[in-house]
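The sequence shown: position 55 = 54 (numbering that gives the first Met the number 0), numbered continuously.
Structure first, commentary second.
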Amino acid sequence: MLHRNRMLLISALSGMACVLSSPSALPQASQGAQDVSGQQAFNNSCRTCHMVREGDNRLGPNLHKVVGRKAGSLPDYAFSSAMKEAGFVWDEEKLDRFIANPDEVVPGNNMKPYGGLSSSEDRKKIIAFLAQPR
Ligand code: HEC
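Structure follows, in structure tokens:
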């Protein structure tokens with residue numbers, strides 16, 4: 000009898016745990032973007048460290064309006080000196096090369112541990128997503 004009660008308790012508890020953990024399992028709400036696959040590619044490869052919302056720095060700097068922004072120029076993010084001194088403005092071509100192989104474009108940068116994205120298709124999608132007006 001005791002054993003049976005315990006089994007019931009365990010199944011009740013695991014049911015609760017399931018309910019409690021379910022919100023985080025829900026897909027991201029409010030995509031709002033025209034290019035969902037670009038957003039998905041960004042989410043898969045970059046969102047661990049980057050947001051596209053203005054001022055929202057995480058492990059990496061926010062990428063709000065990064066196309067046309069000077070590299071390493073956000074005042075409220077602690078860039079590596081390599082990035083601060085890169086001395087160029089991000090455009091599609093620079094972003095494409097950087098995402099493929101960060102060290103080739105900004106040697107000594109601090110975008111670690113990011114291995115580079117070899118799929119040019121995915122890079123194109125991500126850059127189009129970053130270039131969207133927001
Ligand atoms: C593991 C975390 C991480 C991932 C994943 C990552 N980044 Fe970064 N990123 C960083 C960090 C940290 C920096 C700052 C580098 C520095 O200061 O040298 C950075 C810098 C950048 C910059 C320079 C921004 C500026 O203001 O000059 C761009 C552009 C960028 N990342 C794009 C991307 C894109 C696009 C992806 C996805 C394909 C990506 N990153 C994935 C951590 C990451």
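Don't be surprised by glycine CBs; every beta carbon is placed ideally from N, CA and C.
If you draw a 10 Å sphere on the C-beta of A85, you find 16 or more other C-beta atoms in it, and that means buried. In the structure shown, K123 adopts helical secondary structure according to DSSP, grouped into three states. One Cα belongs to R122, the other to E103, and the distance between them is close to 16 Å. Going by DSSP, A70 is part of no alpha helix (DSSP H) at all; its letter is neither H nor E. When DSSP states are grouped into helix, strand and coil, V88 belongs to the strand group. A distance below 7 Å between beta-carbons, with the five flanking residues on each side excluded, links R52 to the following residues of its chain, in chain order: N61 and H63. The alpha-carbon of P132 is positioned some 10 Å away from that of V66. Around G37, the same chain offers K124, I125, A127 and F128 as residues with beta carbons nearer than 7 Å, after the five sequence neighbours per side are excluded. At a cut-off of 7 Å, the beta-carbon of V65 counts as near the ligand HEC: some heavy atom of the ligand is closer than that. By the neighbour-count criterion, in which 16 or more other beta carbons inside 10 Å mark a residue as buried, G71 falls on the buried side.
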